[in-house]
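**Q** Using the working numbering, the letters of the sequence shown map in sequence onto residues 115 to 435.
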Amino acid sequence: MPPLPPTKYVLEALQNDVLPAAGGGALILCLFLLLGRWAGALGSAAAIAVAFLWSNFTLTYLKLDDKPTWENTARLIPWKPADNAPGWQWMPLAALLLVGVGLASRWIGLLARHNLAERFWWGSHLLVWAPRLAGAIVVAGWLASGAAAAAPEWAGLRWQLAAAMFAVWIALDGVARADFGNEVAAYLAVTFLVTGTILLYTHNARQMEIAVILGFSFLGIAVVATLGDCDTSGAIPAGVVFLPGLMLATRPSWVPHNVPTHCLWIVALGPLVLLPFAIPAVAVKRGWFVRLLRLALVLAPLIAAIVLASEHEKLVFEEEW
């Protein structure tokens, strides 16, 4: 296991990342659940958005004579990407787009299921997943943009990202809709916290903070969803965008490091271990054994990624010691 960071870094993370993210996500979802369990999906979507906005907002770096504006209050990612900005700066807008597509397609699919004849059962699934695939292709183009995207090693990145996001979405959404939304949020929380650890090894402090924010945002959502027994599928698209986006933003062409590229892909595609549980015959399985099996499957690639990263690179504060 990697060594613990210095105490001052831990306290700064609590103030800037952990408390706003976990508290903001939990608070917003609680407010929506006052309307009833039916508002869980919409509430989880709002919760992940507010948690990230709250954590990304700051007035700390403004000068005394500066007036706060929408543009100069972003702490980690600009609210609006600059011209020819690297792909990772598009992640918040990409996540918002997919969250909207996810909610709209969900409601359209529910309406179709109630109005289409039984022999056209496939129609509701098509209405749900066709817009989501289109959305994944669009935002993958955003994430694969920027000056570095012209490099040979980035060839085909857009389609790799689109395929990864769509597959991860299917895996997570299938489990969340089987009344395990709180567990999916918890899996994403763990995944993003491990992502932050991997990003420390790649010497990307900014992206590491983003991963920590998302990890604790999903943790706050998971806690409330467990207590309120609600759906969290509305927040899943944010994880679908940020997970591969953060991993691929740390490739060697951005910041030099020795972490192998396949280590980054292991984390980005980690949720695919849940694909078997999206099968209807498997999704109906209940009990602690199934839950422990899912947890073990989620943790296995994450632990392997940490071990692999630690074998090829050292943490900054580890080198200082």
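The C-beta atom is built at its ideal place from N, Cα and C for all residues, glycine as well.
Determine which residues share a DSSP beta bridge with Ala165 and list them.
**A** Beta-bridge pairing links Ala165 to no other residue.
**Q** What is the DSSP secondary structure of Leu133, counted as helix, strand or coil?
**A** helix
**Q** Quick check on Asn170: buried or exposed, where buried means 16 or more other Cβ atoms within 10 Å of its Cβ?
**A** buried
**Q** Taking the alpha helix (DSSP H) that Asn198 belongs to, which residues open and close that run?
**A** Note, Asn198: premise wrong, no alpha helix (DSSP H); not H, not E.
**Q** Figure out for me which residue from Pro385, Leu407 and Leu190 has the closest Cα to the Cα of Leu416.
**A** Pro385
**Q** By Cβ distance below 6 angstroms, which residues in the same chain neighbour Thr172 in space, the five residues on each side in sequence not counted?
**A** Arg189
**Q** Count the other CB atoms within 10 Å of the CB of Gly342; is the residue buried (16 or more) or exposed (fewer)?
**A** Counting C-beta atoms within 10 angstroms of its own C-beta, Gly342 has 16 or more neighbours from the protein chains shown and is therefore classed as buried.
**Q** Roughly how many angstroms lie between the CA atoms of Gly329 and Ala395, to the nearest whole one?
**A** 30 angstroms
**Q** Hey, would you say Val381 sits closer than 9 angstroms to Ala414, going by beta carbons?
**A** no
**Q** So Trp193 packs on Trp202, CB below 8 angstroms; how close in whole Å?
**A** The distance from the Cβ of Trp193 to that of Trp202 is about 14 angstroms, inconsistent with a contact at the 8 angstroms cut-off.
**Q** Considering Cα atoms alone, identify which of Val398, Gly223, Leu149 and Gly137 is closest to Val242.
**A** Gly223
**Q** I need the straight-line Cα distance from Phe306 to Leu409, nearest angstrom please.
**A** 15 angstroms
**Q** Thinking C-alpha only, which one of Val338, Val326 and Leu133 is nearest Ala155?
**A** Val338
**Q** Suppose contacts are defined by Cβ-Cβ distances below 9 angstroms. Is Met279 in contact with Val213 by that definition?
**A** no
**Q** Among the residues of its own chain, which have a CB less than 6 angstroms from the CB of Leu333, if the five just before and after it don't count?
**A** Ala136 and Ala303
**Q** Under a three-way DSSP split, which group does Ala188 fall into?
**A** strand
**Q** Determine the closest residue to Trp152 out of Gly359, Thr346 and Trp379, with distance taken between C-alpha atoms.
**A** Thr346
**Q** To the nearest angstrom, how far is it from the Cα of Gln321 to the Cα of Ile191?
**A** The straight-line gap from Cα to Cα measures roughly 9 angstroms.
**Q** Express the C-alpha separation of Ile350 and Leu143 in angstroms, rounding to a whole number.
**A** 14 angstroms
**Q** What residue range does the alpha helix (DSSP H) around Phe330 cover?
**A** For Phe330, the enclosing alpha helix (DSSP H) has its first and last residue at Ala319 to Gly342.
**Q** Run through the DSSP bridge pairs and tell me what Phe171 is partnered with.
**A** Its beta-bridge partners are Ala188.
**Q** Taking the C-alpha atoms as reference points, what is the distance between Ala292 and Lys399?
**A** 9 angstroms
**Q** Assuming Ala419 and Val308 form a contact by the criterion Cβ under 8 angstroms, report the distance between their Cβ atoms to the nearest whole angstrom.
**A** 7 angstroms
**Q** Here's a check: name, in chain order, each residue in its chain whose Cβ is nearer than 6 angstroms to the Cβ of Pro390, leaving out the five neighbours to either side.
**A** Val396
**Q** Applying the 10 Å Cβ sphere with the 16-neighbour rule, what's the burial state of Gly138?
**A** By the beta-carbon neighbour count (other beta carbons within 10 angstroms, threshold 16), Gly138 is buried.
**Q** Identify which residue in Leu167, Asp131, Arg405 and Thr311 has its Cα closest to the Cα of Tyr301.
**A** Arg405
**Q** Hey, how far is the Cα of Asn296 from the Cα of Phe166?
**A** 19 angstroms
**Q** Can you find the residues in the same chain that come closer than 7 angstroms, C-beta to C-beta, to Asp287, ignoring five residues on each side of it along the sequence?
**A** Result list for Asp287: Ser347 and Ile350, in chain order.
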